[in-house]
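**Student:**
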Amino acid sequence: MSFDLSVWALPDGATGADVRAAVQRCREGRHGDRHPDPRVVGFYRAITTNYPDRAAGPGTPWEVAPLHAAADHVEMNLDPACADQVLLDIERLAAEHGLMLFDAQDGSVYPPPARVGH
Numbered sequence: 001m002s003f004d005l006s007v008w009a010l011p012d013g014a015t016g017a018d019v020r021a022a023v024q025r026c027r028e029g030r031h032g033d034r035h036p037d038p039r040v041v042g043f044y045r046a047i048t049t050n051y052p053d054r055a056a057g058p059g060t061p062w063e064v065a066p067l068h069a070a071a072d073h074v075e076m077n078l079d080p081a082c083a084d085q086v087l088l089d090i091e092r093l094a095a096e097h098g099l100m101l102f103d104a105q106d107g108s109v110y111p112p113p114a115r116v117g118h
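Residue numbers for the sequence shown follow UniProt numbering, beginning at 1 and rising by one.
(1) Suppose you measure from the CA of A81 to the CA of E75; what does that come to, to the nearest Å?
(2) Kindly indicate which three-state DSSP category E28 falls into: helix, strand or coil?
(3) Give the secondary structure of A69 by DSSP, where H, G and I count as helix, E and B as strand, and everything else as coil.
(4) I'd like to know if the stretch 84-94 and the stretch 27-34 are in contact, where contact means that at least 3 CB-CB pairs between them fall below 8 Å.
(5) Report yes if the CB atom of P61 is closer than 8 Å to the CB atom of V86, and no otherwise.
(6) What runs of the alpha helix (DSSP H), each 4 residues or longer, lie entirely inside the stretch 54-108?
(7) Ends of the alpha helix (DSSP H) at G42?
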């Protein structure tokens, strides 16, 4: 069973509830028709530079590949045995790109550091 994380590009002031609502819309197959958010594009390029997503299997952290990328988010289904460094890189890159991180295991939402307390 995979360990699932996603990163989200939502407007300033978005809350954890906003992220969870966006996740639910995605799960229902409802994706807005809009141009890809540059933050999502930057994150996707950065994470797949270090961890290519063209095939899942030995030597990759991905349980499912390619990654699910949409205009406002990237969903990552990770192999539960992936290295801790992969998780640290996802967290760091989410923060660098101003994205909110959603942990599907418990529904936790982690805003980028600049948004904490806003």
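Virtual Cβ for every residue (Gly too), placed ideally from N, Cα, C.
Since we're looking at a predicted model, the values are computed, not measured.
**Tutor:** On the basis of the supplied data:
(1) 18 Å
(2) Note: E28 maps to coil in three-state DSSP.
(3) strand
(4) no
(5) yes
(6) 84-96
(7) 38-50
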